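Only one structure is covered here, and it is reproduced in the block below.
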Amino acid sequence: MPEQNQVRVEPAPGPPLLASRLTPAVPPEPVVARPRLLRRLDEGSAGPVTVVAAPAGWGKTTLLASWVRLGGAPPDVEPGEVVPDSGDLTVSSADTPVSAWMSVEAGDDSDRLWAYLAAALRSAIGSTDDGPVPDRPPRPDQLEALAATLAAADRPVLLILDDLHRVADPAALTGLEFLLRHAGRRLRLVIGARAGLHLPLHRLRLAGELTEIGPDELAFTDDEVADLLTAHAAALPASAVRRLRERTGGWPAALRIAALAIRGQPDPERWVGQFGGDQPEIAGYLHEEVLATLDPAEVDLLRRTAVVDTVCADLAEALTGRADAGQALADLAGTGGLLHREDTRPPWYRCEPLLADLLRADLARLPADELRELHVRAAEWYAGAGRPADGLRHALAAGRWDLAGDLFVAHWPELTRYDSAPVHAPAPAPPPAEVIRADPEVALACAAERAYAGDLPAAGGHLRAAAGHAAGLPVPRRDRFLRLVTALELTVARLADDRGEVRAAAARLLRTRPADATPTRVPDSPPTGVASSAPTAGGGGAADDLDLRAFTGTALGLVEMADGGLPTARFVRARAAAREAERPRTELVGASRAALLLAVRGELRAAEQAARDALGMPQCRGWSCRLDCGYAYLALAVVALLRDQPDEATANLALALPALDVTGGWSGDAEVGDEWLAAAAGEPVAAAVAALCGAQLRRDSGDRAAGQRLLVRAREALADRPPAARLTSLLRAAEAELRAARGDLDSARDLLADATDEGTDPVLAVTLAKVQLLAGDPAAAARTLPEWQAPAATAWPLSVRLDAGLLDAVLAERAGDGRRVGRILEQTLDLAGPQGCRRVFTRAEPPVRDLLAAHLDAGTAHFALVSDLVRGAGQSTAGPATGPRGALDEPLTERELTILRYLQSILSNVEIASELSLSVNTVKTHVRNIYRKLDATRRREAVRRARELRLI
298 MPEQNQVRVE PAPGPPLLAS RLTPAVPPEP VVARPRLLRR LDEGSAGPVT VVAAPAGWGK
358 TTLLASWVRL GGAPPDVEPG EVVPDSGDLT VSSADTPVSA WMSVEAGDDS DRLWAYLAAA
418 LRSAIGSTDD GPVPDRPPRP DQLEALAATL AAADRPVLLI LDDLHRVADP AALTGLEFLL
478 RHAGRRLRLV IGARAGLHLP LHRLRLAGEL TEIGPDELAF TDDEVADLLT AHAAALPASA
538 VRRLRERTGG WPAALRIAAL AIRGQPDPER WVGQFGGDQP EIAGYLHEEV LATLDPAEVD
598 LLRRTAVVDT VCADLAEALT GRADAGQALA DLAGTGGLLH REDTRPPWYR CEPLLADLLR
658 ADLARLPADE LRELHVRAAE WYAGAGRPAD GLRHALAAGR WDLAGDLFVA HWPELTRYDS
718 APVHAPAPAP PPAEVIRADP EVALACAAER AYAGDLPAAG GHLRAAAGHA AGLPVPRRDR
778 FLRLVTALEL TVARLADDRG EVRAAAARLL RTRPADATPT RVPDSPPTGV ASSAPTAGGG
838 GAADDLDLRA FTGTALGLVE MADGGLPTAR FVRARAAARE AERPRTELVG ASRAALLLAV
898 RGELRAAEQA ARDALGMPQC RGWSCRLDCG YAYLALAVVA LLRDQPDEAT ANLALALPAL
958 DVTGGWSGDA EVGDEWLAAA AGEPVAAAVA ALCGAQLRRD SGDRAAGQRL LVRAREALAD
1018 RPPAARLTSL LRAAEAELRA ARGDLDSARD LLADATDEGT DPVLAVTLAK VQLLAGDPAA
1078 AARTLPEWQA PAATAWPLSV RLDAGLLDAV LAERAGDGRR VGRILEQTLD LAGPQGCRRV
1138 FTRAEPPVRD LLAAHLDAGT AHFALVSDLV RGAGQSTAGP ATGPRGALDE PLTERELTIL
1198 RYLQSILSNV EIASELSLSV NTVKTHVRNI YRKLDATRRR EAVRRARELR LI
């Protein structure tokens, strides 16, 4: 926590010195306290160098001045509190370094810089004119004398240098670097800058002596935006606050401009919806304070790459023709802070939202031919990079109708949306009528582009325009054309949530498959009234057949899941067809959904492989696949839970829930909120499985009541959904077990009252039998327990079969049939071993543990597994069932293991820090330690090594 020294400017040779440059600026009122950043400065200033680096308007000077004036992060300042400027800059603390402030101005040369540095240092160490602090750039002997004086000082000197990027001469800072190295850590620097610092930051970073605070941390959070608006008497509802933060990217300058403007708006919420970087106040600030500071070549790079939403090095090179485009992007994202780098390989970059608005407005003023050429380059690059939807959009924007038609015909299965993320794409100009007459597939391409953007009425209009030209096409082409029309009708119906029409369109499509094609179950016949211009059977070859199977299977599977069904086989088949047809986007959807459904069935190895395949796909393609990744993480959470790895299950569940728009419920102390109902409405299967997983983790932590509340709410969300009967049964069974575990056996039995009815899900009967045994009625349990070894039982979830087998073994032991007990245990271990399913054993009641111990003594073909289960029974374990973890010379700490699990994800270090409520530098330190202990140099290498050692 800095102590602000009283500054007195002594007369010195040369021009006079301004006291205003040696005292922190008075921040503009009102100032919203941001304790998280003040604490970061407190932590960082304990080390040699702290750099607050960001473009203009990110609040660097305001933060540093507030920090100095407040004397650090006071414990009694709450987030968002409006802090008045008291004018009292003194804080008495014997352990606090004495601070000195200096503002750098444009044009400061070495002489002027050191004149002010001398004044600032004299105010801190009390030196006089004839002391060791020179007024001009020091000689080597003077530097050594000054370093010795600083090293011998009673208290450290904290030198705050604002706008240090204005120093253009690298030689001007060599003396400062010398003092840092030789002052015995008694000199500490806190620097505010934009970019281009002439200091050895890489060396400091490698040595762990650098704390960096950048735009990601300086950006306002939703709560801070709300507090800023309140301080400006500008009221907005919570949804508009979040939208304003998203539109501004948390940029403080834009938020302050918005807060001042909102007060005079008759409809503030509507105004926020229209707020953008092309507004005069924002555009002027960006032009004068951001773009004007850049090299013209950098501005041109930003402007040309603004034609796309995100950009990588190869795409930037294609758009600009610059061979160094990748390095330029890295520089703009690193020191410049103007681009946000995604944590992918290769890296993808995106502009802050308001800057992107401004750049696109500038882009629109380019000559038409030049703008068209940019769209053509983007279209051709995307087409070759496996992103046909983006390629189609740019081909249409460029008026390249031939390219648009070819892209649609070749890649139609990939030109459909599988997530709910908004697509902000203006409608391209429609093709001329003569183009549609000659090539009606172009109209289909327009329909596909509009459907992808969410503009379903426009998509329908293009479809109708295209259908009018079908009769004039030759027969082979007409059949293909009608098949494509039907595929688009299916897409539009799915996006409109017209599930009946999805099934009807899928039936029409599947009837066009060749007679010798691989059998596929066709849905029920379409309803009457379906257009008679359906394509005829027998068209296309093997590739077309694969596309049809992948496309229709994925669409039908999504419809079934939207109803609450569990179409495991459908997604497995659709994924296989998509992989063979080389349709990666469709394959990703199939892999992520199949992973979750396989995990629910208990096919843990296949589920884990599918989930990891899914997570490995988006990173190299720049896709936005938040929902698909959410399904994959949820599948890994279920796998980890069934393998009794609660820490890993918790980490993966935390990664999955945001994709379902669920941020609380299972993890917070509050009651389960309406957000769970909203998630269940959109993704009912994922929401229910997340509830099951979260409730079990709650039970493990001892909070059974919270787990029960979660299950009740999840079950209510599935009411009136007949296809969700299996999910509802799983939720009921889990809730009954929790009630029984809490000692409420009567309500558990009531919840399972219909468990013995014919046609009831076996999971309910198995759970009722367990409750009856707990109630001391083994005879009733034996009557209720279904036959778990019957052929029909192979369709049960693995955990249900194992539960039934273990209960059967307990009942056999009570009946005195020891030989049967041994046979049953061997059969359950045969089922559990290959999948590594341990939870049903390690979390079982004491009688099961006793049976396992006795079985170990009697002899078993699963000696290692049973030994491990006996050791781990009744307590949480983290290792897989297949064997012990590999040994490291220096073991990973618990925190490092947690971060290692996050390294498997696509989250950046900043996002991992946010998830774990840690500073970014702390996460980076842990990551460096992980790399060192695993002998790895990159993230993927560390994850691979950890998997080899079975650490994750």
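Numbered by my numbering, the letters in the sequence shown go through residues 298 to 1249 in order. Note that CB positions come from ideal geometry on N, CA and C, so glycine has one too. Remember, it's a predicted structure, so these values are computed and weren't measured experimentally.
Who are the Cβ neighbours of residue 559 in its own chain at under 6 Å, not counting the five residues just before and after it? As a position in the sequence shown, residue 559 is number 262, starting the count at 1. Closer than 6 Å at the Cβ level, and outside the excluded window around residue 559, lie 531 and 565.
Around the C-beta of residue 671, are 16 or more other C-beta atoms found within 10 angstroms, so that it is buried, or is it exposed? Taking the sequence shown and counting its residues from 1, one reaches residue 671 at position 374. Residue 671 comes out buried.
By DSSP, does residue 858 sit in helix, in strand, or in coil? Locating residue 858 in the sequence shown gives position 561, where the first residue counts as 1. The answer is helix: DSSP assigns residue 858 an H, G or I state.
State the start and end residues of the unbroken beta strand (DSSP E) segment that holds residue 342. Here residue 342 refers to the residue found at position 45 when the sequence shown is read from its first residue. Here residue 342 belongs to no beta strand (DSSP E), and DSSP marks it neither H nor E.
Straight-line Cα distance separating residue 752 from residue 714: In the sequence shown, counting from the first residue as 1, residue 714 sits at position 417. In the sequence shown, counting from the first residue as 1, residue 752 sits at position 455. Their backbone Cα atoms lie some 12 Å apart in a straight line.
Just to confirm, are residue 509 and residue 1218 a CB contact at a threshold of 8 Å? On the sequence shown, position 212 is the one that residue 509 refers to. On the sequence shown, position 921 is the one that residue 1218 refers to. Contact: yes.
Which term fits residue 842, buried or exposed, when burial requires 16 or more other beta carbons within 10 angstroms of its beta carbon? Start at 1 with the first residue of the sequence shown, and residue 842 comes out as number 545. The residue in question, residue 842, is buried, as its Cβ has 16 or more Cβ neighbours within 10 Å.
As assigned by DSSP and simplified to three states, the class of residue 1104: Translated into positions along the sequence shown, residue 1104 becomes position 807. Helix, per DSSP.
Does the Cβ-Cβ distance between residue 419 and residue 455 come in under 8 Å? Position 122 of the sequence shown, counted from the first residue, corresponds to residue 419. Position 158 of the sequence shown, counted from the first residue, corresponds to residue 455. In this structure, residue 455 does not lie closer than 8 Å to residue 419 by Cβ.
Contiguous beta strand (DSSP E) assignments of at least 3 residues, all confined to the segment 465 to 507: 484 to 490
Run of the alpha helix (DSSP H) containing residue 1253, from where it starts to where it stops: As displayed, the chain neither begins before 298 nor continues past 1249, which places residue 1253 out of reach and without an answer.
For residue 334, which of helix, strand or coil comes out of DSSP? Reading the sequence shown from its first residue, position 37 is the one you call residue 334. It is helical.
Name the one or two DSSP bridge partners that residue 397 has. Here residue 397 corresponds to residue number 100 of the sequence shown, with the count starting at 1. Answer is 456, bridged to residue 397.
With 16 other CB atoms within 10 Å as the buried threshold, where does residue 995 fall? In the sequence shown, counting from the first residue as 1, residue 995 sits at position 698. It counts as buried.
Per DSSP, residue 529 forms a beta bridge with which residues? If you number the sequence shown from 1, residue 529 lands on position 232. Answer is none; residue 529 lacks a bridge partner.
At what residues does the alpha helix (DSSP H) containing residue 315 begin and finish? In the sequence shown, the residue the question calls residue 315 occupies position 18. Careful: residue 315 lies outside any alpha helix (DSSP H) and carries neither H nor E.
Residue environment, residue 1234, which counts as buried when at least 16 other CB atoms sit within 10 Å: Taking the sequence shown and counting its residues from 1, one reaches residue 1234 at position 937. So residue 1234 counts as exposed.
In the DSSP assignment, find the beta strand (DSSP E) that holds residue 668 and state where it starts and stops. Mapped onto the sequence shown, residue 668 falls at position 371. Not the beta strand (DSSP E): residue 668 falls in the alpha helix (DSSP H), residues 665 to 681.
Determine the DSSP secondary structure at residue 1237, reduced to helix, strand or coil. Looking up residue 1237 in the sequence shown gives position 940. Of the three classes helix, strand and coil, the one that applies to residue 1237 here is helix, per DSSP.
How far does the alpha helix (DSSP H) with residue 1199 in it reach, from first residue to last? For the purposes of this step, residue 1199 is taken as the residue at position 902 of the sequence shown. Per DSSP, residue 1199 belongs to the alpha helix (DSSP H) from 1191 to 1200.
Kindly indicate the opening and closing residues of the alpha helix (DSSP H) around residue 691. Position 394 of the sequence shown, counted from the first residue, corresponds to residue 691. First-last of the alpha helix (DSSP H) with residue 691: 685 to 694.
For a test of the three-state rule: what should DSSP assign to residue 732, helix, strand or coil? Looking up residue 732 in the sequence shown gives position 435. Reduced to three states, the DSSP call for residue 732 is helix.
Inside the segment 346 to 373 only - alpha helix (DSSP H) runs reaching at least 4 residues: 357 to 367
Can you tell me the Cα-Cα spacing of residue 1022 and residue 1057, whole angstroms? By 1-based counting over the sequence shown, the position of residue 1022 is 725. By 1-based counting over the sequence shown, the position of residue 1057 is 760. Taking the straight line from one Cα to the other gives about 10 Å.
Taking the DSSP output, what are the residues bridged to residue 647? Against the sequence shown, residue 647 aligns to sequence position 350. Its beta-bridge partners are 637.
CA-to-CA distance, residue 516 to residue 581, given in whole angstroms: Against the sequence shown, residue 581 aligns to sequence position 284. Against the sequence shown, residue 516 aligns to sequence position 219. Between residue 581 and residue 516, the C-alpha separation is close to 20 Å.
Through-space distance from residue 915 to residue 476, alpha-carbon basis: The residue you call residue 476 lines up with position 179 of the sequence shown. The residue you call residue 915 lines up with position 618 of the sequence shown. When rounded, the distance between both Cα atoms is 47 Å.
Contact between the segment 783 to 798 and the segment 844 to 852: three or more CB pairs below 8 Å? yes
Could you tell me which of 487, 1153, 1096 and 1127 sits nearest to residue 1141, measuring between CA atoms? Locating residue 1141 in the sequence shown gives position 844, counting from the first residue. Nearest of 487, 1153, 1096 and 1127 to residue 1141, Cα basis: 1096.
Cross-strand partners of residue 509 (DSSP beta bridge): For this step, residue 509 is matched to residue 212 along the sequence shown. 348.
Counted within 10 angstroms of its Cβ, other Cβ atoms place residue 1191 as buried (16 or more) or exposed: Along the sequence shown, one-based indexing puts residue 1191 at 894. Exposed, by the Cβ-count rule.
Rounded to the nearest angstrom, how far is the Cβ of residue 989 from that of residue 1028, given a contact under 8 Å? Counting from one through the sequence shown, the residue named residue 989 turns up at place 692. Counting from one through the sequence shown, the residue named residue 1028 turns up at place 731. About 7 Å separates the two Cβ atoms, so the contact holds.
What does residue 608 pair with, by DSSP beta-bridge criteria? As a position in the sequence shown, residue 608 is number 311, starting the count at 1. For residue 608, which the question treats as bridged, DSSP gives the partners 646.
Quick check: the Cα distance between residue 931 and residue 1246, rounded to an integer number of angstroms? Numbered from its first residue, the sequence shown carries residue 931 at position 634. Numbered from its first residue, the sequence shown carries residue 1246 at position 949. Distance between the alpha carbons of residue 931 and residue 1246: 23 Å.
Three-way DSSP call (helix, strand, coil) for residue 789 in this model: Taking the first residue of the sequence shown as position 1, residue 789 is located at position 492. Residue state, collapsed to three classes: helix.
Locate the alpha helix (DSSP H) running through residue 922, then write down its first and last residues. Residue mapping note: residue 922 aligns to position 625 of the sequence shown, counting from 1. Per DSSP, residue 922 belongs to no alpha helix (DSSP H) and is neither H nor E.
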